[in-house]
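Asks: Starting off with a structure, shown below.
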Amino acid sequence: MSASDSSKHSQFELLKQRRFLPYFSVQALGAFNDNVFRQAIIGLLGVMAAAGTLDASTRGTYTQLAPAVFILPYFLFSSIAGQFAERTEKSKLIRITTAMEIAIMSLAAVGFLLQDMRVLLVALFATGVQSTLFGPVKYSILPSVLKPEELTGGNGLVEMGTSLAVLLGMLFGGLIFTVAGEHGAQAAAVAVIALAILGNVLSRAIPSVPAAAPDLKVQWNPIPESIAILKLARKQVAVRNAILGVSWFWFIGTVLTGNLPVYAETHLGGTQTLYVFALAVFSIGVGVGSLLCEKLSARTVEIGLVPLGAIGMSACILHLAFAPAIAAQGLEVAGFMAQPGAWRVVLDLAGIGLFAGFYVVPLFALIQSRTPRAELSRVIAGMNIQNAVFIVLAALGGVALQQALGWSIPQLLLALGIASIVVAAWIFSIVPEFLMRFLSWLLVRSLYRLKLHGIERHVPDEGPALLVCNHVSYMDALILAASIPRPVRFVMYYRIFNIPVMRWIFRTAKAIPIAGAKEDPALMQRAFDAVDAALAEGELVCIFPEGALTKDGNIAPFKSGVEKILARRPVPVVPMALRNMWGSMWSRRANVKAGSALDRMRVPRRLRAHVEVAVAEPMDGATATKEVLEAKVRALRGDAA
Numbered sequence: 063m064s065a066s067d068s069s070k071h072s073q074f075e076l077l078k079q080r081r082f083l084p085y086f087s088v089q090a091l092g093a094f095n096d097n098v099f100r101q102a103i104i105g106l107l108g109v110m111a112a113a114g115t116l117d118a119s120t121r122g123t124y125t126q127l128a129p130a131v132f133i134l135p136y137f138l139f140s141s142i143a144g145q146f147a148e149r150t151e152k153s154k155l156i157r158i159t160t161a162m163e164i165a166i167m168s169l170a171a172v173g174f175l176l177q178d179m180r181v182l183l184v185a186l187f188a189t190g191v192q193s194t195l196f197g198p199v200k201y202s203i204l205p206s207v208l209k210p211e212e213l214t215g216g217n218g219l220v221e222m223g224t225s226l227a228v229l230l231g232m233l234f235g236g237l238i239f240t241v242a243g244e245h246g247a248q249a250a251a252v253a254v255i256a257l258a259i260l261g262n263v264l265s266r267a268i269p270s271v272p273a274a275a276p277d278l279k280v281q282w283n284p285i286p287e288s289i290a291i292l293k294l295a296r297k298q299v300a301v302r303n304a305i306l307g308v309s310w311f312w313f314i315g316t317v318l319t320g321n322l323p324v325y326a327e328t329h330l331g332g333t334q335t336l337y338v339f340a341l342a343v344f345s346i347g348v349g350v351g352s353l354l355c356e357k358l359s360a361r362t363v364e365i366g367l368v369p370l371g372a373i374g375m376s377a378c379i380l381h382l383a384f385a386p387a388i389a390a391q392g393l394e395v396a397g398f399m400a401q402p403g404a405w406r407v408v409l410d411l412a413g414i415g416l417f418a419g420f421y422v423v424p425l426f427a428l429i430q431s432r433t434p435r436a437e438l439s440r441v442i443a444g445m446n447i448q449n450a451v452f453i454v455l456a457a458l459g460g461v462a463l464q465q466a467l468g469w470s471i472p473q474l475l476l477a478l479g480i481a482s483i484v485v486a487a488w489i490f491s492i493v494p495e496f497l498m499r500f501l502s503w504l505l506v507r508s509l510y511r512l513k514l515h516g517i518e519r520h521v522p523d524e525g526p527a528l529l530v531c532n533h534v535s536y537m538d539a540l541i542l543a544a545s546i547p548r549p550v551r552f553v554m555y556y557r558i559f560n561i562p563v564m565r566w567i568f569r570t571a572k573a574i575p576i577a578g579a580k581e582d583p584a585l586m587q588r589a590f591d592a593v594d595a596a597l598a599e600g601e602l603v604c605i606f607p608e609g610a611l612t613k614d615g616n617i618a619p620f621k622s623g624v625e626k627i628l629a630r631r632p633v634p635v636v637p638m639a640l641r642n643m644w645g646s647m648w649s650r651r652a653n654v655k656a657g658s659a660l661d662r663m664r665v666p667r668r669l670r671a672h673v674e675v676a677v678a679e680p681m682d683g684a685t686a687t688k689e690v691l692e693a694k695v696r697a698l699r700g701d702a703a
């Protein structure tokens with residue numbers, strides 16, 4: 063896809079395509095029905111309490127027991143669910159789980175009609191089982207049906223759809239007994255069955271997606287297999303910490319949403335309506351942040367957004383913790399918005415949601431893009447186990463801090479904000495790639511306006527490849543790193559590698575410093591050995607065969623280093639070209655006399671320059687020569703120096 067095509071592309075185009083729309087509808091409808099069911103149970107408890115058939119103590123027990131009943135299957139069956147998702151054709155598995163939902167909701171309907179909480183709790187446990195089975199396929203299917211450049215946008219749509227479905231499901235389920243009155247139980251029974259049937263009908267439109275590991279033998283003992291898939295999820299450092307980041311997202315969400323009803327009443331002076339409004343603001347914020355990820359990432363898996371999201375979430379949580387209480391009581395939404403400080407609370411909640419979207423969507427995309435297809439469902443299952451642990455810890459920890467230590471909700475938010483900073487700093491210190499990508503993303507998008515041509519089509523999604531590109535500025539490596547979804551090992555002149563501040567970024571990115579044969583032959587040999595080792599490990603390596611920055615904007619003849627690399631290891635070669643870089647920030651200029659004071663200061667002619675990265679089809683490394691590659695790069699760049 064060309065740069066102009068990429069810029070015009072919208073992730074919403076996926077909603078018009080069969081490969082995505084039926085799946086998107088099924089997963090959103092499933093989240094909607096789950097929350098309709100759970101809120102309807104709460105509504106029924108209220109009706110039974112009002113009718114005197116349920117005492118306050120028993121009602122409280124059921125209210126606290128319900129979340130535990132729903133989440134227990136994630137601990138018990140995630141390992142088995144991950145294996146089934148790995149060995150089963152994915153659209154078939156989705157049809158099976160939606161058929162299960164019809165049977166489960168039929169049981170739930172009996173519970174509503176009989177007003178029997180025991181039956182409803184059994185149905186709730188079964189709903190947890192069904193959600194556990196659906197969880198691994200929900201995210202592992204995306205890399206199979208989406209192109210690499212669509213992965214961030216697709217995940218953004220899924221997160222947006224899920225957050226809004228949860229919100230609308232809670233609203234719909236909460237209103238059933240209010241609107242239907244004495245017929246609330248019947249209305250709830252009909253609603254959950256109808257939604258389950260609709261989900262199953264829609265699932266039949268999902269195209270076939272082959273099993274990733276059809277020969278996998280299912281291990282039925284959940285304890286050793288849970289340990290095994292947790293180890294599998296920790297195999298790659300970046301994936302392990304991305305999963306930890308997702309779990310922390312669920313921890314924050316559990317603390318916020320779990321305390322929001324009481325916070326709205328005691329701190330904001332509101333009613334149940336105001337709680338729903340606050341929840342809506344947060345949920346819409348998550349949806350908007352999720353959708354913006356594709357635009358901000360230029361359609362790549364941009365993990366540089368993760369630190370931005372973590373910093374933004376932490377700042378908004380801390381700001382909310384210090385928000386003064388509203389003095390008035392019994393406020394509806396309009397009355398609350400008229401109070402001093404109301405807008406601060408609204409913007410903080412929206413900001414937490416917005417930055418949460420920036421934070422979690424790239425993490426999901428990274429997990430999907432870096433995990434082998436034959437392991438992805440099990441890795442997602444392992445993530446679900448860890449998420450469940452964090453949800454339980456958040457719920458129990460919040461209750462313990464408030465009841466045992468007497469903490470207020472603002473104090474709890476303050477602790478959450480500080481903990482969020484600590485956790486983020488810990489993750490980014492373990493995997494500096496997150497912070498490095500953030501700094502490169504910030505630098506590149508502050509200094510340049512990028513357009514991309516053909517990266518998603520021609521840069522391999524996996525396996526080794528040698529990227530060759532013209533060399534125009536000191537920022538070339540950062541621009542290419544910000545444009546390519548996979549990590550790239552750059553071979554760069556050692557003086558550029560040693561630029562202050564940039565040195566940390568280059569070292570963290572595992573760049574390979576090189577010198578000329580006359581300058582430092584030992585360093586040059588070490589560089590060639592490091593390139594060969596990186597290609598042997600299946601990595602991407604990028605070199606600038608000109609050997610130095612262009613002095614006049616023209617492409618210099620390619621040196622023989624590229625042929626030496628390919629002679630040792632004939633991997634695919636991908637020609638690339640930077641366009642319109644000449645005269646931009648950190649490049650040399652043709653319009654300034656050499657040796658002038660202005661030239662020595664290297665003041666750029668153009669800030670926020672329009673820069674393009676163009677990529678051609680990979681070539682056979684066994685036959686590629688420096689002359690052929692130079693001609694390819696020249697043709698790619700054209701006159702756009």
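For the sequence shown, our numbering begins at 63 and goes up steadily by one.
Where a beta carbon is used, it is the ideal one built from N, C-alpha and C, also for glycine.
From M554, L370, V441, V461, pick the residue whose C-alpha is nearest to that of I289; which is it?
Replies: Answer by Cα proximity: V441.
Asks: Between P269, L182, Y201, T335, which lies nearest to L237 when the distance is taken from Cα to Cα?
Replies: Ranking the options by Cα distance to L237, first place goes to T335.
Asks: For Q79, which residues of its own chain have a beta-carbon under 6 Å away from its beta-carbon, when the five flanking residues on both sides are left out?
Replies: Hits under 6 Å: none found.
Asks: For V695 and E674, what's the separation of their Cα atoms in angstroms?
Replies: Their backbone Cα atoms lie some 13 Å apart in a straight line.
Asks: Is the region 397-415 close to the region 439-454, with three or more CB pairs under 8 Å?
Replies: Cβ pair count under 8 Å is below three, so no.
Asks: Spell out the partners DSSP gives P637 in its beta bridges.
Replies: Paired residue(s): V530.
Asks: Which stretch, first to last residue, makes up the beta strand (DSSP E) that contains F552?
Replies: Unbroken beta strand (DSSP E) run through F552: 550-555.
Asks: Alpha carbon to alpha carbon, how far is W503 from P575?
Replies: One C-alpha to the other measures close to 22 Å.
Asks: Check Y536 in the structure and name its three-state DSSP category.
Replies: Looking at Y536 - three-state DSSP - the assignment turns out to be coil, as it is neither helix nor strand.
Asks: DSSP on G392, reduced to helix/strand/coil?
Replies: Looking at G392 - three-state DSSP - the assignment turns out to be coil, as it is neither helix nor strand.
Asks: Secondary structure at A589, three-state DSSP: helix, strand or coil?
Replies: Note: A589 maps to helix in three-state DSSP.
Asks: By a C-beta neighbour count over all protein chains shown, 10 Å radius and 16 as the cutoff for buried, is D117 buried or exposed?
Replies: That one is exposed.
Asks: Nearest-angstrom Cα distance between S202 and L691?
Replies: Distance between the alpha carbons of S202 and L691: 37 Å.
Asks: If you draw a straight line from the alpha carbon of A693 to that of A295, how long is it in whole angstroms?
Replies: Those two C-alpha atoms are separated by around 44 Å.
Asks: Measuring only the C-alpha atoms, how far is L208 from S491?
Replies: Taking the straight line joining both Cα atoms gives about 32 Å.
Asks: For V241, does the count of other Cβ atoms within 10 angstroms reach 16, so buried, or fall short, so exposed?
Replies: Per the 10 Å Cβ criterion, exposed.
Asks: I need the DSSP call for A671, collapsed to helix, strand or coil.
Replies: Here A671 sits in strand by DSSP.
Asks: Which one or two residues does DSSP pair with V677 in a beta bridge?
Replies: M638.
Asks: Using the C-alpha atoms, what's the distance from A436 back to S287?
Replies: The sequence given here places Glu at residue 287; Ser does not occur at that position. Approximately 16 Å between the Cα atoms of the pair.
Asks: Tell me which same chain residues have a C-beta within less than 8 Å of the C-beta of E599, skipping the five on either side of it?
Replies: So the qualifying residues of the chain are P526.
Asks: For A573, which residues from the same chain have a beta carbon less than 8 Å from its beta carbon, with the 5 sequence-adjacent residues on both sides left out?
Replies: Hits under 8 Å: A539, R551, F552, V553, M554, F559.
Asks: Does the ligand FAD have even one heavy atom less than 7 Å from the beta-carbon of W312?
Replies: As presented, the structure is devoid of all ligands, the ligand FAD included, so that no description of it is given.
Asks: Which same chain residues end up closer than 6 Å to Y136 when comparing Cβ atoms and leaving out the 5 residues on each side of it in sequence?
Replies: The residues are T194, N446, A450.
Asks: For a test of the three-state rule: what should DSSP assign to S649, helix, strand or coil?
Replies: Strand, per DSSP.
Asks: Within a Cβ cutoff of 7 Å, which residues of the same chain sit near F620, ignoring the five residues on either side of it in sequence?
Replies: Closer than 7 Å at the Cβ level, and outside the excluded window around F620, lie P607, E608, K688, L691, E692.
Asks: What residues are listed by DSSP as bridge partners for I238?
Replies: Answer is none; I238 lacks a bridge partner.
Asks: Is L514 helix, strand or coil when you go by DSSP?
Replies: Reduced to three states, the DSSP call for L514 is strand.
Asks: G320 bridges to which residues according to DSSP?
Replies: G320 pairs with nothing; no bridge assigned.
Asks: With a threshold of 8 Å, are at least 3 pairs of Cβ atoms found where one atom belongs to the region 633-643 and the other to the region 529-536?
Replies: Cβ pair count under 8 Å is three or more, so yes.
Asks: Return helix, strand or coil for L602, following the three-state DSSP convention.
Replies: Reduced to three states, the DSSP call for L602 is strand.
Asks: Does DSSP put T576 in a helix, a strand or coil?
Replies: The residue you asked about is not Thr; residue 576 is Ile in the sequence shown. Of the three classes helix, strand and coil, the one that applies to I576 here is strand, per DSSP.
Asks: Please state whether DSSP places R664 in a helix, a strand or coil.
Replies: Its pLDDT being 46, under 50, R664 is placed unreliably in this model, and the coordinates cannot settle the point.
Asks: Starting from the N-terminal side, write out each stretch of the alpha helix (DSSP H) that is 4 residues or longer and does not extend beyond the region 199-234.
Replies: If we require 4 residues or more, the alpha helix (DSSP H) runs fully inside the region 199-234 come out as 204-207.
Asks: For L585, which residues of its own chain have a beta-carbon under 8 Å away from its beta-carbon, when the five flanking residues on both sides are left out?
Replies: Result list for L585: Y556, P575, I576, A577, in chain order.
Asks: Applying the 10 Å Cβ sphere with the 16-neighbour rule, what's the burial state of S72?
Replies: With fewer than 16 other Cβ atoms within 10 Å, it is exposed.
Asks: Rounded C-beta distance between A703 and W648? I'm assuming under 8 Å.
Replies: Rounded, the Cβ-Cβ distance is 15 Å, inconsistent with contact.
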